[in-house]
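Using the numbering used here, you'd call the opening residue of the sequence shown number 2 and step up by one each time.
From the three backbone atoms N, C-alpha and C, an ideal C-beta is built for every residue, glycine too.
Here the structure is a predicted model, which is why all the values come from computation and not from measurement.
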Amino acid sequence: MTLSTRLVETAWVDEHLEDPELLICDCRFAGTREASEAVYLAGHIPGAIHVYWLDALCTADTTVTTFLPTAAEAQRKLGALGITEGTYVVGYAEAGSPYASRLWHVLSHFGHERVALLDGGIDKWLAEGRPVRRERVPAAAAAFHPSTMNGTITAGELRRRFDDPKLRILDVRSPAEYDGSDRRAARGGHIPGALLLPWQDDLRQDGTLRSPAELRARAEALGIAPEHEVVTYCQGGVRAAHSAFALSRAGYPNVRVYDGSWAEWGNEPHLPVETAPELAAT
């Protein structure tokens, strides 16, 4: 089995349901572990395991609970999901949901390149009348070996590079979060110099991802070229992962996620904040 794209169609997944190398991960999030599991058990893609992102894809070792796992945690947590070097991972959530992107981000950060997202998510799957199951699928624990860790940037590094002409900072939250009127930390606003491109703008009305050409045009409208290094951020690193995925699809090879995002930056009084009107793509 080959996986030559980071975005797969429902028909491809349906054709490969019995492939032993394929691991399908249901990443839907309904606010709590119990509610998320209930959504999973109400109907999921056959063979899919349930991945609760706050457990499997976050660290337990910091006050910012949405930080990525450490390498040691990733070895344990991703191994518990049954991911090995040869596993092809496909993550999905609802159409228009960013949570499967977090799985892509974590796996990519730790060097696992065989990971893709299901375009249109479970909604497209159901709309096409494809099969679902309602039983819990247990994960078969395996040995996961994390390698390169290059998908994130720290607050300190980001602050030191404010004057770097090669760097572009992309705020993918809502306009209200960007201008500070929707404050989800001790302070509202955005990182100085950050450009606004809400993550939902990467999606079509049906929740599928826009074409690479469309995604690139939107980034270029903000003055972001493929040769730039791009840092995305949101509140907790989930929406930012979706935008990083979209930019990678659009041909941007050097994209990282600011791991702490606004949950860290907005609560650190020594870090600068702006509340100017948004700079958005048209």
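Per-residue DSSP class, three states only, for residue i
i, result
"I50", "strand"
"D62", "coil"
"I123", "helix"
"D164", "coil"
"Y89", "strand"
"D260", "coil"
"V239", "coil"
"V173", "coil"
"E35", "helix"
"V138", "coil"
"H271", "coil"
"T155", "coil"
"H106", "helix"
"T233", "strand"
"A117", "strand"
"L210", "strand"
Short CB-CB distance (under 7 Å) between residue i and chain D
i, result
"R188", "The displayed structure is made up of one protein chain only, and chain D is not part of it."
Close beta carbons around residue i, own chain, < 8 Å, minus the five adjacent residues each side
i, result
"G1", "Absent from the structure is residue 1, since the part of the chain shown begins at 2 and ends at 283."
"P139", "I50"
"L216", "D203, L210, A247, L248, R250, A251"
Spatial neighbours of residue i in its chain, beta-carbon cut-off 7 Å, leaving aside the 5 residues before and after
i, result
"Y179", "D172, H191, L197, E279"
"M150", "A72, H110, F111"
"E129", "T11"
"A264", "V65, T67, A186, Q236, G237"
Integer Cβ distance of residue i from residue j, believed to fall under 8 Å
i, j, result
"A156", "L272", "6 Å"
"W54", "Y100", "6 Å"
"P213", "R169", "Incorrect: roughly 18 Å between the Cβ atoms, too far for contact."
Residue i classed as buried or exposed, judged by whether at least 16 other C-beta atoms fall within 10 angstroms
i, result
"E136", "exposed"
"T276", "exposed"
"D62", "exposed"
Near the ligand SAM: residue i beta-carbon under 6 Å from a heavy atom
i, result
"Y89", "In the structure shown, the ligand SAM is absent, as is every other ligand, since no ligand is present at all."
Contact set for residue i: own chain, Cβ-Cβ below 6 Å, skip 5 residues either direction
i, result
"T233", "L171, V173, A241, S244, A245, V258"
"Q76", "F145, P147"
TODO: Please determine if the region 227-244 and the region 173-184 are in contact, where contact requires at least 3 C-beta pairs separated by less than 8 Å.
DONE: Of all C-beta pairs linking the region 227-244 to the region 173-184, three or more are shorter than 8 Å, placing the two stretches in contact.
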